[in-house]
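Below: the structure, in structure tokens.
In this note's numbering, the protein residues as written are 1 to 255.
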């Protein structure tokens, strides 16, 4: 997995969520047609996007879950000749790139979380962009434990095990042992051009009452979520998440 970061000059007001939709459109227009079509048809998209800004800059973050996605997207984004992103929509149309970075995490790195340390049973998350799930043809924008981990198990399977099949007995155990202990959330609309999806955004604390093995597995999936995102429309900017407490980069308990 890779996380590509493009830090650009900010020249005016930016709506992070709308800008991530515009970035997705730019990316689809610049990718190889066959690969772009493959992404549109994929059940679990191997790409997720996030846009964040501060007073002076805006950062485009593109996460790639598979080797093929890395091979197709990274050369386009990280080429030395790529010094500008031009987007037709939104308030700012030209984004001068002032910094590039690539962060990489392998399945082996995630395994260190599972096998290497005793992770905390309390995991605090920041849900950075609106998050929702789709079940029975309807969108759900509540932090349901089953929907969260079912989605992450499917994404993990697609990234590393080449399929969406999941262990439902394990999922049932997660649902019986993991609870939402605290939250500070708000609903927020994520606009997709003329339509929108309602999502939840804010802070979420999970507690695992199961074995240490199960706790480590939960921590591993949530660390994976920092690349994959959680829920629907992650390729357009929804479902971005960051772990605040519970596990650091190598799986040790955060102090």
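Virtual Cβ for every residue (Gly too), placed ideally from N, Cα, C.
Item                                                                                                           : Value
Cβ neighbours of residue 142 in the same chain (closer than 7 Å, five flanking residues each side left out)    : 200
Extent of the continuous alpha helix (DSSP H) to which residue 37 belongs                                      : 33-41
Classification of residue 249 by the beta-carbon crowding that lies within 10 angstroms, buried from 16 upward : For residue 249, the pLDDT reaches just 45, beneath the cut-off of 50, and the residue's location in the model is therefore unreliable, although a value from the coordinates is still provided. Counting Cβ neighbours within 10 Å, residue 249 comes out exposed, since fewer than 16 surround it.
Residue nearest to residue 223 in terms of C-alpha spacing, selected from 166, 106 and 147                     : 106
Bridge partner(s) assigned by DSSP for residue 58                                                              : 8 and 53
Run of the alpha helix (DSSP H) containing residue 179, from where it starts to where it stops                 : No alpha helix (DSSP H) holds residue 179; the beta strand (DSSP E) holding it covers 178-192.
Which of helix, strand or coil DSSP assigns to residue 228                                                     : helix
For residue 47, the residue or residues it bridges with in DSSP                                                : 64
Three-state class that DSSP yields for residue 114 in the structure shown                                      : helix
For residue 135: DSSP bridge partner residues                                                                  : 138
Residue 8 versus residue 213 - alpha carbon distance                                                           : 42 Å
Sub-9 Å separation of residue 83 and residue 4 beta-carbons                                                    : no
Whether residue 240 touches residue 123 by CB criterion (9 Å)                                                  : no
Touch test, the region 145-165 against the region 35-54, Cβ-Cβ under 8 Å, three pairs minimum                  : yes
Where residue 91 falls, given that 16 or more other Cβ within 10 Å makes a residue buried                      : exposed
Burial state of residue 55, where buried means 16 or more other Cβ atoms lie within 10 Å                       : exposed
Meets three-Cβ-pair contact criterion under 8 Å: the region 17-37 and the region 188-195                       : yes
Limits of the unbroken alpha helix (DSSP H) element including residue 150                                      : 145-156
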